[in-house]
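*Asks:* First the structure, then my questions, so here it is.
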Amino acid sequence: MTVKIYIPRDAAAIALGAEKVATAMAEAIAARGLDATIVRNGSRGMHWLEPLVEVETAEGRIAYGPVQTRDVASLLDAGLTSGAAHPLCLGKTEDIPFLKQQTRLTFARCGVIDPLSLDDYRAHGGLRGLERAISMQPAAIVAEVTESGLRGRGGAGFPTGIKWKTVLEAEGAQKYIVCNADEGDSGTFADRMIMEGDPFVLIEGMAIAGIATGATKGYVYTRSEYPHAIAAMSAAIEIARAAGVLGQSVLGSTHAFDMEVRTGAGAYVCGEETSLLNSLEGKRGLVRAKPPLPAHKGLFDCPTVINNVISLASVPVIMDKGAAYYRDFGMGRSRGTIPIQIAGNVKHAGLYEIAFGLTLGEIVDVIGGGTASGRPVKAVQVGGPLGAYFPRALFDTPFDYEAFAAKDGLIGHAGIVVFDDTADMLKQARFAMEFCAVESCGKCTPCRLGSTRGVEVADKIAAGIEPEKNRELLADLCNTMKFGSLCALGGFTPYPVMSAMTHFPEDFKPAPRVEAAE
Amino acid sequence: MNIHLPGADVTERTLAIVGELKGLEGPLLPILHEIQDEFGYVPQECLPVIARELNLSRAEVYGVVTFYHDFREHPAGRHVLKLCRAEACQSMGGDRLAERAKALLGIDFHETTPDGAVTLEPVYCLGLCSCSPSAMLDGEVHARLDEAEIEALVAEARR
């Protein structure tokens, strides 16, 4: 029997050499005349082990990693194709603790299947949610999603079912499903991993959303920085269309739904939903005032569902296994699972999907294994560039929308960036303001001007110029931006700034600089 | 890419691209991406053509070109090296690597080496935050970079 060797095509694996490993492996297999084939899968999310090579055996998949091209010969010499021992052997993939302890619902297939094989997708439970949705009334689908407790995974945490209900009830000859795949937050890569590792799940989720709300056209708006995701998503859409999953008759039903990928052009603010809609329409990515809500007047003024990739990709499992199955995971009002992205200066970086409720400390110290540098953890930024910096003192905060809000933070898109004790929090606060200044769409004054003034004030503090007065000024400026900005860019930039100043006051008291003698 | 074409060709190619993509809903961004792929930047001469074909003002088209960081008004160097400047890469010494790359190339961000070989650009996140610091050279991704690797990347780009 032909042995299957899995080598990921995920961008992170490629950035660490997976492409070269795959080429070397293919050449070595041919040269040795082995009966083996290479499958380019997504990533399992254990990025410190990438490129992670797996081989299918009678006992299950055996993992080896991190594999470089120089290891290919010795792996094959040792008997890779039968899952033999080797210094890089990690045992059965499923038994690796980082993976074993997860609850993979949304990411169940990511890294397991060939992302562009619809047969593989079906064989692993794919399309069952869509098949069930087709047999239901739109209002019943919406009710199922509402009952699951699924909330917007892009960061706002708005109940997905309520959004869908608004669009279902809105009048309009044309309605749209827009997938926000503009994953610009540093520390996040879950959207990218799904698009590269299991694109059909997003297609299925969007088709279900279309049937539930009466929308017939969908767009995935993603980033130009994600060429691998764009390629995988576009190829999957073609395959789905050819197989009748998309088109005039979705899976042979009376429902029509089709979709396409659109690429942004390097503007972070286009991750904000109204800015994204303007960009899709071919305009400058200026934020729109709300109301009207996109659900009433969205893309081209038509009723529009706009959801994050992970929200939409979580819908198929909810429709397949039922609302109660999904809702039973989690805590409080945060139901289901969340793919936590552990990044930055951390030993075991990667994607960890688990029910809501783990504490930040468990995530950073136990799952992440502490810093990569081996130095003490100083701060973790949760939720991207607009998320707060948490000190060790707040490591007992459970991963939950409300618990983070109560500590003046946000879980955002669930990205966590770890910093060791060499981090300068005043510098990080300045960067937050600088980033806001670079990326501001310019529509509202607090964001456009406030961010530039914020950089200047931070520089004055760093230079020891009237530090006390300038710290007060910075706090006042943050207050204005928080309450006066039109969208989350200006409105949330104060989170990293204020949290840095509140939790790490020592970094905002640099030694007074002695003026150099002229 | 550093391609200069006479004006007539630019107009002709622009018309062909617009003709091909005009039928899309919200066609302007796909058109601008295609034009930049074709010419390596968005030449001024394209703007009135696009404006006329899409029934927009030139100011509207220019406004869109200048809003997005991706679109260039001038040709880039033969190679484009993008270094991630965002927080995850900062936490792993990205700032130091950026300084090293600047020193090796003798240019700052948004600049091109005098020989036209390399343009250095900042990028805010390549989604490789679990293997920081990261970079992109002509669309190819590289992660977990150290000083030796950034030197190798710069050398590759200079060739």
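Protein sequences appear in the order of chains A and B.
Under our numbering, the first residue of the first sequence is numbered 1, with each subsequent residue one higher.
Under our numbering, the first residue of the second sequence is numbered 1, with each subsequent residue one higher.
Every residue, glycine too, gets a C-beta built ideally from N, C-alpha and C.
This structure is a prediction, so every number in the text was calculated from the model and none was measured.
For Glu402 (chain A), which of helix, strand or coil comes out of DSSP?
*Replies:* Counting from 1 along the first sequence, the entry for residue 402 (chain A) is found at position 402. Helix.
*Asks:* Nearest CA to the CA of Arg335 (chain A): which residue from A:Pro138, A:Leu276, A:Pro159 and A:Ala108?
*Replies:* Here residue 335 (chain A) refers to the residue found at position 335 when the first sequence is read from its first residue. Ranking the options by Cα distance to Arg335 (chain A), first place goes to A:Pro159.
*Asks:* Pull the bridge partners of Pro122 (chain B) from the DSSP assignment, please.
*Replies:* Sequence index remark: in the second sequence, residue 122 (chain B) carries index 122 (1-based). B:Leu83, per the DSSP bridge assignment.
*Asks:* Figure out for me which residue from A:Cys436, A:Asp10, A:Arg70 and A:Gly271 has the closest Cα to the Cα of Met233 (chain A).
*Replies:* One-based indexing of the first sequence puts residue 233 (chain A) at position 233. Closest by alpha carbon: A:Asp10.
*Asks:* Compare the Cα-Cα distances from Ile113 (chain A) to each of A:Arg40, A:Leu49, A:Gly184 and A:Thr166 and report the closest residue.
*Replies:* Locating residue 113 (chain A) in the first sequence gives position 113, counting from the first residue. Nearest of A:Arg40, A:Leu49, A:Gly184 and A:Thr166 to Ile113 (chain A), Cα basis: A:Arg40.
*Asks:* Taking Cβ to Cβ, would you say Cys444 (chain A) is nearer than 8 Å to Ser485 (chain A)?
*Replies:* The residue given as residue 444 (chain A) occupies position 444 in the first sequence. The residue given as residue 485 (chain A) occupies position 485 in the first sequence. Against a cut-off of 8 Å, the Cβ pair of Ser485 (chain A) and Cys444 (chain A) comes out as a contact.
*Asks:* Give the C-beta separation of Arg327 (chain A) and Ser451 (chain A) to the nearest angstrom, bearing in mind that I take them to be a contact with Cβ-Cβ under 8 Å.
*Replies:* Working through the first sequence from its first residue, we reach residue 327 (chain A) at position 327. Working through the first sequence from its first residue, we reach residue 451 (chain A) at position 451. Rounded, the Cβ-Cβ distance is 40 Å, inconsistent with contact.
*Asks:* Please tell me whether Met206 (chain A) and Ile162 (chain A) are closer than 8 Å, where the distance is taken between their beta carbons.
*Replies:* In the first sequence, counting from the first residue as 1, residue 206 (chain A) sits at position 206. In the first sequence, counting from the first residue as 1, residue 162 (chain A) sits at position 162. Contact: no.
*Asks:* Pop quiz: Arg78 (chain B) and Ala117 (chain B) are said to be a contact at Cβ under 8 Å. What is the actual Cβ separation, rounded to whole angstroms?
*Replies:* Walking along the second sequence from the start, residue 78 (chain B) turns up at place 78. Walking along the second sequence from the start, residue 117 (chain B) turns up at place 117. Right, their Cβ atoms sit about 6 Å apart.
*Asks:* Which runs of the alpha helix (DSSP H), 4 residues or longer, sit entirely within the region 84-157 of chain B?
*Replies:* Complete alpha helix (DSSP H) runs here, min 4: 87-90 and 94-105.
*Asks:* If we cut at 8 Å on Cβ distances, does His142 (chain B) have a partner in chain A?
*Replies:* What you label residue 142 (chain B) is simply residue 142 of the second sequence in a count that begins at 1. Closer than 8 Å to some Cβ of chain A, the Cβ of His142 (chain B) qualifies, so yes.
*Asks:* Measuring CB atoms only, is the region 166-180 of chain A touching the region 88-102 of chain A, in the sense that at least three cross pairs come out at less than 8 Å?
*Replies:* No contact exists between the region 166-180 of chain A and the region 88-102 of chain A.
*Asks:* Mark Ser91 (chain B) as exposed unless 16 or more other C-beta atoms lie within 10 angstroms of its C-beta, in which case mark it buried.
*Replies:* As a first step, residue 91 (chain B) must be located in the second sequence, where it is residue number 91. It is buried - the Cβ of Ser91 (chain B) has at least 16 other Cβ atoms within 10 Å.
*Asks:* Step through the CB atoms of chain A and report whether any lies within less than 8 Å of the CB of Ser57 (chain B).
*Replies:* Here residue 57 (chain B) refers to the residue found at position 57 when the second sequence is read from its first residue. Not closer than 8 Å to any Cβ of chain A, the Cβ of Ser57 (chain B) fails to qualify, so no.
*Asks:* In chain order, what residues of the same chain have a beta carbon less than 8 Å from the beta carbon of Pro66 (chain A), not counting five sequence neighbours either side?
*Replies:* As a position in the first sequence, residue 66 (chain A) is number 66, starting the count at 1. The answer, listed in chain order, is Leu16, Trp48, Leu49, Glu50, Pro51, Leu52 and Leu88.
*Asks:* Tell me which residue opens and which closes the alpha helix (DSSP H) that Met46 (chain A) is part of.
*Replies:* Here residue 46 (chain A) corresponds to residue number 46 of the first sequence, with the count starting at 1. Met46 (chain A) -> no alpha helix (DSSP H), and no H or E assigned at all.
*Asks:* Starting from the beta carbon of Tyr68 (chain B), find every residue of chain A whose beta carbon is closer than 7 Å, and list them in chain order.
*Replies:* Reading the second sequence from its first residue, position 68 is the one you call residue 68 (chain B). Within chain A, the residues near Tyr68 (chain B) are Ala265, Gly266 and Ala267.
*Asks:* Quick check on the burial criterion: 16 or more other C-beta atoms within 10 angstroms. Buried or exposed for Ser224 (chain A)?
*Replies:* The sequence position of residue 224 (chain A) within the first sequence is 224, counting from 1. Buried, because 16 or more other Cβ atoms sit within 10 Å of the Cβ of Ser224 (chain A).
*Asks:* What are the boundary residues of the alpha helix (DSSP H) that Val457 (chain A) is part of?
*Replies:* Position 457 of the first sequence, counting from 1, holds the residue named residue 457 (chain A). Unbroken alpha helix (DSSP H) run through Val457 (chain A): Thr445 to Ala462.
*Asks:* Is any beta-carbon of chain D found at less than 8 Å from that of Gln248 (chain A)?
*Replies:* This model lacks chain D altogether, as its protein chains are A and B.
*Asks:* Does the distance from the C-beta atom of Gly91 (chain A) to that of Ala108 (chain A) stay below 8 Å?
*Replies:* Reading the first sequence from its first residue, position 91 is the one you call residue 91 (chain A). Reading the first sequence from its first residue, position 108 is the one you call residue 108 (chain A). Against a cut-off of 8 Å, the Cβ pair of Ala108 (chain A) and Gly91 (chain A) comes out as no contact.
*Asks:* With a Cβ-Cβ cutoff of 8 Å, do Ile306 (chain A) and Gly298 (chain A) count as a contact?
*Replies:* Stepping through the first sequence from its first residue, residue 306 (chain A) is reached at position 306. Stepping through the first sequence from its first residue, residue 298 (chain A) is reached at position 298. A contact, by the Cβ cut-off of 8 Å.
*Asks:* Can you confirm whether Pro27 (chain B), when its beta carbon is compared against all beta carbons of chain A, has any partner nearer than 8 Å?
*Replies:* Here residue 27 (chain B) refers to the residue found at position 27 when the second sequence is read from its first residue. So, interface residue.
*Asks:* Have a look at the DSSP bridge pairing and note the partners of Gln381 (chain A).
*Replies:* Numbered from 1 along the first sequence, position 381 holds the residue referred to as residue 381 (chain A). A:Tyr389 and A:Val417, per the DSSP bridge assignment.
*Asks:* Assuming Val455 (chain A) contacts Ile416 (chain A) (C-beta within less than 8 Å), just tell me the rounded distance between them.
*Replies:* As a first step, residue 455 (chain A) is located in the first sequence; it is residue number 455 there, counting from the start. As a first step, residue 416 (chain A) is located in the first sequence; it is residue number 416 there, counting from the start. Contact doesn't hold; Cβ gap of about 25 Å is too wide.
*Asks:* By alpha-carbon positions, which one of A:Lys482, A:Met501, A:Ala500 and A:Asp258 ends up nearest to Phe492 (chain A)?
*Replies:* Here residue 492 (chain A) refers to the residue found at position 492 of the first sequence. It is A:Lys482 whose Cα lies nearest to the Cα of Phe492 (chain A).
*Asks:* Counting only Cβ pairs nearer than 8 Å, list the residues of chain B close to Phe300 (chain A).
*Replies:* Taking the first residue of the first sequence as position 1, residue 300 (chain A) is located at position 300. Correct list: Glu25 and Gly26.
*Asks:* Quick one, which residues of the region 112-146 of chain B are near chain A if we go by CB-CB under 7 Å, in chain order?
*Replies:* Result list: Val123, Tyr124, Cys125, Leu126, Gly127, Leu128, Cys129, Ser130, Cys131, Ser132, Ser134, Gly139, Val141, His142, Ala143 and Arg144.
*Asks:* Report the rounded CA-to-CA distance for Met195 (chain A) versus Ala84 (chain A), giving the unit in angstroms.
*Replies:* Within the first sequence, residue 195 (chain A) is the residue found at index 195, counting from 1. Within the first sequence, residue 84 (chain A) is the residue found at index 84, counting from 1. Cα-Cα distance, rounded: 32 Å.
*Asks:* Answer with yes or no whether the minimum CB distance from Phe71 (chain B) to chain A is below 8 Å.
*Replies:* Indexing the second sequence from 1 puts residue 71 (chain B) at position 71. Cβ-Cβ to chain A under 8 Å: yes for Phe71 (chain B).
*Asks:* Three-state secondary structure (DSSP) at Leu351 (chain A)?
*Replies:* Residue mapping note: residue 351 (chain A) aligns to position 351 of the first sequence, counting from 1. Leu351 (chain A) falls in the strand class under three-state DSSP.
*Asks:* For Asp552 (chain A), decide whether its Cβ has a neighbour in chain B, counting only Cβ atoms nearer than 8 Å.
*Replies:* Only positions 1 to 518 of chain A appear in this structure, which leaves residue 552 (chain A) out of reach.
*Asks:* Looking at the secondary structure, which residues open and close the alpha helix (DSSP H) in which Ala323 (chain A) lies?
*Replies:* For this step, residue 323 (chain A) is matched to residue 323 along the first sequence. Looking at the DSSP string, the run of the alpha helix (DSSP H) that includes Ala323 (chain A) is Ala323 to Arg327.
*Asks:* Can you say whether Thr222 (chain A) is buried or exposed, counting buried as having 16 or more other CB atoms within 10 angstroms of its CB?
*Replies:* By one-based count along the first sequence, residue 222 (chain A) stands at place 222. It is buried - the Cβ of Thr222 (chain A) has at least 16 other Cβ atoms within 10 Å.
*Asks:* Could you spell out the range, first to last residue, of the alpha helix (DSSP H) harbouring Leu99 (chain A)?
*Replies:* In the first sequence, counting from the first residue as 1, residue 99 (chain A) sits at position 99. Counting along the chain, the alpha helix (DSSP H) containing Leu99 (chain A) begins and ends at Pro97 to Lys100.
*Asks:* What would DSSP say about Tyr226 (chain A), mapped onto helix, strand or coil?
*Replies:* Numbered from its first residue, the first sequence carries residue 226 (chain A) at position 226. Note: Tyr226 (chain A) maps to coil in three-state DSSP.
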